[in-house]
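At position 42 of the sequence shown the residue is numbered 73 (the numbering used here), and the sequence of numbers has no breaks.
Even for Gly, the Cβ is constructed at its ideal location relative to N, Cα and C.
Report on the following structure.
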Amino acid sequence: MRRKKKSFQISPIDAFDARQGFRRCKLPGIGVYLEGVRAAALADFWRDRSKRLVIRVSRSTYVFHYEAHLADGKNIPDTRLDDFDMFLSKVLLDWLCEPEDDIGEPDFD
32 MRRKKKSFQI
42 SPIDAFDARQ
52 GFRRCKLPGI
62 GVYLEGVRAA
72 ALADFWRDRS
82 KRLVIRVSRS
92 TYVFHYEAHL
102 ADGKNIPDTR
112 LDDFDMFLSK
122 VLLDWLCEPE
132 DDIGEPDFD
């Protein structure tokens, strides 16, 4: 069975203040919701001065910060944000399905 090639790489980074030198992306963020559970997982997107994509992912009181690149290490261009949206939506949905009392960081693999 062939493994699907990864299109994106996600790395944890220190918490950042988006008001300090960051600009919202063309796609400002996404949210995934489970009906009947009243739970949501959110991701907000910004670019820093060097055009790298940084994201803040949250669920309930859990908040994590990441940097996202293409698999080859290059910055994700605006033309690939829709692909990144689809990738991250699947990750957030899987993360949202984890029990509330066992939440860890999202699994990007």
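Use the C-beta contact count for residue i: other C-beta atoms within 10 angstroms, 16 or more gives buried, fewer gives exposed.
i      : result
Ala102 : exposed
Tyr64  : exposed
Pro137 : buried
Ala46  : exposed
Leu123 : buried
For residue i, which residues does DSSP report across the bridge?
i     : result
Gln40 : His100
Arg54 : Arg78
Gly60 : Asp75
Val94 : Ser89
For my contact list, residue i and residue j are in at a C-beta cut-off of 8 Å; report their separation, rounded to the angstrom.
i      : j     : result
Leu127 : Ala74 : No, Leu127 and Ala74 are not in contact; Cβ-Cβ is about 12 Å, not under 8 Å.
Tyr97  : Ile44 : 6 Å
Could you please give the first and the last residue of the uninterrupted beta strand (DSSP E) stretch that includes residue i?
i     : result
Ser89 : Leu84 to Arg90
What are the boundary residues of the alpha helix (DSSP H) that includes residue i?
i      : result
Phe139 : Taken as a continuous stretch (DSSP letters only), Phe139 belongs to no alpha helix (DSSP H), as it is neither H nor E.
Val122 : Leu112 to Leu127
Taking three-plus beta-carbon pairs below 8 Å as touching, is the segment 105–122 in contact with the segment 74–88?
Contact annotation: the segment 105–122 touches the segment 74–88, with at least three C-beta pairs closer than 8 Å.
Any contact between the segment 99–114 and the segment 52–64? By contact I mean 3 or more CB pairs, one from each, below 8 Å.
The answer is yes - the segment 52–64 touches the segment 99–114, with three or more Cβ pairs under 8 Å.
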